[in-house]
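Some notes on the structure that comes next.
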Amino acid sequence: MLKLSDILVANQDIESFDQLLPLIQDVARSGERFFRMDVKPPYPDTPDNWEDRLEAAFSGLLR
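Using this note's numbering, you'd call the opening residue of the sequence shown number 306 and step up by one each time.
As structure tokens, then:
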């Protein structure tokens with residue numbers, strides 16, 4: 306199971322929520338099947354609906 310905290314620790318060069326979304330999509334495309342959002346992204350531009358947006362990115366609903 307992929308955890309958001311693992312992604313954030315491994316990619317500390319990301320500076321915004323918008324930079325995080327394509328990374329989540331790439332991880333999902335690599336074959337990861339489960340995604341757990343165990344922390345809130347620490348970026349100033351993190352929206353209120355961040356969980357929905359990350360889930361959409363992971364499940365392929367964003368284009």
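For every residue, glycine included, the Cβ atom is placed at its ideal position computed from N, Cα and C.
Given the structure is predicted, the values throughout are model-derived calculations rather than measurements.
Length of the line joining the Cα atoms of Phe363 and Leu325: 11 Å
CA-to-CA distance, Lys345 to Ile312, given in whole angstroms: 12 Å
Contacts around Leu307, its chain only, beta-carbon distance under 8 Å, and the 5 residues preceding and following it disregarded: Val332, Glu337, Phe339, Phe340, Arg341
Straight-line Cα distance separating Glu356 from Pro349: 15 Å
Rounded straight-line distance, which links the Cα of Gly365 to that of Arg334: 9 Å
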